[in-house]
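Structure first, commentary second.
Residue numbers (the UniProt record's numbering): 1 to 273.
Listed below in structure tokens is the structure:
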């Protein structure tokens, strides 16, 4: 998963380097409407923090570059668009959710059935008190008669207590398509404990799990990528997708792991042997 893709120019860059997911940061105005794609300082070591793009333009560019009817497209490769919502400025989280859903329906996706499979999306909110964003997403899909297409939308409730996250999703009546990640900025990730990551993986593998997929961020080193794969993560956010490709091709991992494509379901739990 390519990290910090907040400009139109970086779309093709990260796809060319091997990413099958693009992670972008979304800022909001006070009234809850989408402001721009932007992270700002500080961000990961070695990255440009101030790149930005209009969200509608960005999503239209993603749709265009994955058009299956255009030669050299990335339709097969790009599985998912990951939205990291920076909701601290929004005073109407539910409206922010509607805004995200509107942008997906109007700019990233076409009419139902236009493509064999649209790019799926993950909507990440960091704090449990921001949970109303989920209601807003569902509101917009419902009002527009698009509830069947929520099968291609997933949610991530942040890095808090796992039991609390499970309880919130239960209250929201979200039973499927839940991702949970753990990690730190690449500056500190090599020194971060795997304790919470292991707990999330154990939950995913339990009979009463609410988690579909587990990922780690932001992992740029071959050594820590290997450690995460041995633990059984489903994915990694990285600034260096080409490094992850090298690790996946190592004999230790080549028979058990591969990059997902548009034909794989990123919300379907994988049964590890």
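Ideal Cβ positions, reconstructed from N, Cα and C, are used throughout, including at glycine.
- In the DSSP annotation of this structure, the continuous segment of the beta strand (DSSP E) that includes residue 213 starts and ends at 213-217.
- A straight line joining the alpha-carbon of residue 79 with that of residue 64 spans about 14 Å.
- Distances from the alpha-carbon of residue 222 to those of 199, 186, 255 and 85 put 186 closest.
- The C-alpha of residue 215 is placed about 15 Å away from the C-alpha of residue 240.
- For residue 252, the closest alpha carbon among the candidates 267, 266, 229 and 236 is that of 229.
- Annotated as distal: residue 95 and residue 59, with beta-carbon spacing of 7 Å or more.
- Non-local beta-carbon contacts of residue 6 in its own chain, meaning distances under 7 Å to residues more than five positions away in sequence, involve 24, 25, 37, 38, 39, 51, 52 and 53 in chain order.
- Partner residues in the beta bridge of residue 120, as assigned by DSSP, are 80.
- For secondary structure counted as the beta strand (DSSP E) over 3 or more consecutive residues, the region 141-178 holds these complete runs in sequence order: 153-156.
- Looking at 238, 114 and 70, the one whose alpha-carbon comes closest to that of residue 190 is 238.
- In this structure residue 140 is buried. Its beta-carbon is surrounded by 16 or more other beta-carbon atoms within 10 angstroms.
- One thing to note: residue 179 has its Cβ within 7 Å of the Cβ of residue 156.
- In the DSSP assignment, residue 223 is bridged to no other residue.
- Our two residues, residue 171 and residue 128, have alpha carbons roughly 12 Å apart in a direct line.
- Annotated three-state conformation of residue 206 is coil, per DSSP.
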